[in-house]
Amino acid sequence: MANTSIADKSTPKKHNGVTPVAKLASFSMRPETLLINRKLEQLNTLLMCSYGIGRDWFEEIGQDNRDSLVWLASDLAGDIYRAFETLQSQQAEAEVAIRAGGDHHHG
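Last residue of the sequence shown: 299 in the numbering used here, with the numbers rising by one and none dropped.
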């Protein structure tokens, strides 16, 4: 029978040199998170052109340009959705690794 300490049992196993807890904490700096933030800002700016004060301009640019702007908004929304799915999957994997690594909180 192997002799393991309590610290060994509660410390998550490292994967590629990084503990799952550290990996989970790093999601705010992931490329997907940065992409989501950038694309949301672009989408928000684009949509501001189609309502409120920008509504007159949106009407004046013509149907073809309006269609192109809505298509662009749809592409941005799709990019955001795919990046979010990737990030969500990575986060779920990190959470599973944490549980599998024995990171139990007793309280």
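Glycine is no exception: its CB is placed at the ideal position from the N, C-alpha and C atoms.
Assigned with DSSP and collapsed to three states, Ser242 falls in coil, not helix or strand.
Per the coordinates, the alpha-carbon of Met221 lies some 10 Å from the alpha-carbon of Leu227.
The three-state secondary structure of Gly270, taken from DSSP, is helix. Where Arg222 is concerned, there is no enclosing alpha helix (DSSP H), because DSSP gives it neither an H nor an E.
Comparing alpha-carbon positions, the option among Ala284, Asn236, Ile290 and Ile245 lying closest to Leu261 turns out to be Asn236.
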